[in-house]
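Enquirer:
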Amino acid sequence: MVPLISGLAGVLVLMLPLLGRRSRGSAQLARRTAFSFAGGRWPVFAGALMGIVVILSVAAGFASSPDDVGRYRMFAMDSGAAEIRILIYGWYYSLPSLIAIALFAGAAAFTLRVIAHPPLAADTHHDTAIRRERTRNVMGVFAGGLLVHLGAVLTFLAYTGTSNVGVFQGEDIIPIIAPFAAFGPLLWILGGAASVLGFACWFEIALSSVRRPARRRVSVS
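Going by this note's numbering, the sequence shown opens with residue 5, and the numbers climb by one from there.
1) Relative to the C-alpha of S264, which candidate in G195, V145, T159, T37 has its C-alpha closest?
2) To the nearest angstrom, report how far apart L3 and V48 are at their CA atoms.
3) Are the CB atoms of V205 and L151 nearer to each other than 8 Å?
4) Using DSSP with H/G/I as helix, E/B as strand and the rest coil, what is Y93?
5) Grouping DSSP H, G and I as helix and E and B as strand, with all else coil, what is S212?
6) Measuring CA to CA, which of L91, T115, A104 is closest to D72?
7) Under 8 Å, with one C-beta from each stretch per pair, do the stretch 60-70 and the stretch 94-105 reach the 3-pair mark?
8) Would you report the Cα separation of A109 and A186, rounded to the nearest angstrom?
9) Let's see if you can read the secondary structure: which residues bound the beta strand (DSSP E) around D131?
10) So the candidates are V15, V6, A106; which of them puts its Cα closest to the Cα of G55?
11) For D82, write down the residues that DSSP places opposite it in a beta bridge.
12) With distances taken from CA atoms, which of M78, S98, L124 is nearest A182?
13) Quick one, which of L20, A126, F41 has its alpha-carbon nearest A133's?
14) With H, G and I counted as helix, E and B as strand and the rest as coil, what does DSSP make of V15?
15) Taking Cβ to Cβ, would you say T128 is nearer than 8 Å to L18?
16) For T159 and G202, which I take to be in contact (beta-carbon distance under 8 Å), what is that distance rounded to the nearest angstrom?
17) Tell me which residues share the same chain as A162 and place their Cβ nearer than 7 Å to its Cβ, disregarding the 5 neighbours each side in the sequence.
18) Please identify the residue among A197, I88, V15 whose C-alpha is closest to the C-alpha of T164.
19) Using DSSP's beta-bridge definition, name the partner residues of P70.
20) Note down the Cα distance separating G197 from V157, rounded to an integer number of angstroms.
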């Protein structure tokens with residue numbers, strides 16, 4: 005949830021300077037969409053990430069069961085002798101995150117629309133380059149937020165799958181293993197990789213924002 009809120013805040017920061025600006029360029033006959041300056045890879049990558057997160061969230065939600073106070077965040081396993089419940093990324097966690105993803109995606113799409121909609125300036129090449137850079141920043145913030153959130157979800161599921169639980173039967177302990185326990189180590193690795201890649205996206209955008217004023221000062225001098 006925190007990565008999504010942080011990403012949403014980042015998109016809003018990128019959006020605010022664009023609101024209220026008026027372009028003095030000439031009207032263009034070609035119809036532009038929110039993804040006109042995004043290229044082909046960014047929308048596909050972001051859409052795939054969002055689809056994966058939604059599928060995992062819904063699947064974990066349906067696999068969850070209520071705890072003692074009715075919060076759907078437990079994964080129940082029946083050993084025959086007793087029922088064991090362990091924490092899972094259920095509806096209690098995933099439903100608010102799905103709402104946050106919808107708001108995040110809406111804010112990103114609106115910002116891309118604000119970037120693409122105004123007429124191009126007289127210097128078409130320079131204006132196009134600026135819009136492509138701003139679009140890349142928005143898509144990078146969006147993809148980074150989804151990646152960090154995906155990493156958290158995968159790590160949560162890895163914890164659920166690799167939790168060591170069991171029930172006593174006489175003097176012995178019968179281990180209870182989650183159905184997806186075999187994927188636990190892979191989920192740990194994928195979760196860590198997704199988080200690192202997401203933070204790398206954010207860091208690269210922040211670094212490019214720092215370099216941009218420096219390039220402008222050099223060009224002016």
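Ideal placement from N, C-alpha and C gives every residue a C-beta, glycine not left out.
Expert: A quick look at the data gives this:
1) With the chain running from 5 to 225 in the structure shown, residue 264 is simply not present.
2) A question about residue 3 goes unanswered here, because the residues of the chain that appear run from 5 up to 225.
3) First, the residue type needs correcting, since residue 205 is Cys and not Val in the sequence shown. Yes, they are a contact pair.
4) coil
5) helix
6) Distances from the alpha-carbon of D72 to those of L91, T115, A104 put L91 closest.
7) In short, these stretches touch, since the Cβ pair count reaches three.
8) 33 Å
9) Per DSSP, D131 belongs to no beta strand (DSSP E); it is in the alpha helix (DSSP H), 128-166.
10) A106
11) E87
12) M78
13) With distances taken between Cα atoms, A133 lies closest to F41.
14) helix
15) no
16) Between G202 and T159 the Cβ distance is about 12 Å, and since that is not below 8 Å, they are no contact.
17) G188, L191, W192, G195
18) I88
19) Y76
20) Contrary to the premise, residue 197 reads as Ala rather than Gly in this sequence. Straight-line Cα distance between these residues: approximately 12 Å.
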